[in-house]
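Asker:
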Amino acid sequence: MTSDNGFFMNFITVIGELTLFLSYLVYLQYKDIHQRLWLFVFMGISCLITVPFNPYLGKELSERIIQSLSGSAIGVIFFSLCLFLEKRSQKNKRLTFHDVFMVFIIGCLLGPGGLFLSVLAGSLLSVLIRALIFLIHLFKEDCPTPHTLGPFLVIGTLFYLIAQL
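Going by our numbering, the sequence shown opens with residue 400, and the numbers climb by one from there.
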């Protein structure tokens, strides 16, 4: 593979990932189910464009598709199980379906290994930010903390992608 071809593959991958993350942010703004369904179609097309060129998933096209599907499946199954257990056990819900959807996108783009590392980085960042907020508001009765994991997952994924360069 020449350096021009590698640059092209990385460029297409970054454009696809930015498109998916921007569409996720738009997804959070829409409340109508029909508008959200169109975003699912748009994100599916973006994933189909990105996966064949994504050098992080492997060298062969079949390997890239298998890595993408397995990363998405592992992420959705694990986070859906966590969401189910959290809804049954706690009054204060921190994990939402949007987080499961975000993990689906990350798993599709980075495969199982990248998904694990980006979720780990996002979770550690979430813990650090929440601990910092707790220490700042130690003597206040209500302690505001971020409600979802999604933004931290995006930042963890960006850390992973920067580390790959």
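The C-beta atom is built at its ideal place from N, Cα and C for all residues, glycine as well. Since this is a predicted model, take the numbers as computed values, not measurements.
Output the distance between the C-alpha atoms of Pro550 and Leu424, rounded to the nearest integer angstrom.
Answerer: Rounded to the nearest angstrom, the two C-alpha atoms are 10 Å apart.
Asker: Taking all protein chains shown into account, do 16 or more other C-beta atoms lie within 10 angstroms of the C-beta of Ile440, making it buried, or fewer, making it exposed?
Answerer: It should be pointed out that residue 440 corresponds to Val in this sequence rather than to Ile. Val440 should be labelled exposed.
Asker: Can you list, in chain order, the residues of its chain whose CB lies under 7 Å from that of Val499, leaving out five sequence neighbours each side?
Answerer: Val475, Phe478, Ser479 and Leu482, listed in sequence order.
Asker: To test your reading of the DSSP string, which unbroken alpha helix (DSSP H) runs of 4 or more residues are found completely within the region 448-513?
Answerer: Counting whole runs of 4 or more residues, the region 448-513 contains the alpha helix (DSSP H) stretches 460-488.
Asker: State the DSSP-derived secondary structure class of Leu548, mapped to helix, strand or coil.
Answerer: Residue state, collapsed to three classes: coil.
Asker: Relative to the alpha-carbon of Leu524, which residue among His536, Ile504, Phe503 and Leu557 has its alpha-carbon at the smallest distance?
Answerer: With distances taken between Cα atoms, Leu524 lies closest to Leu557.
Asker: In whole angstroms, give me the CA-to-CA distance for Gly521 and Ile554.
Answerer: Between Gly521 and Ile554, the C-alpha separation is close to 6 Å.
Asker: What's the C-alpha gap between Cys446 and Gly506?
Answerer: Each residue's Cα considered, the two are about 11 Å apart.
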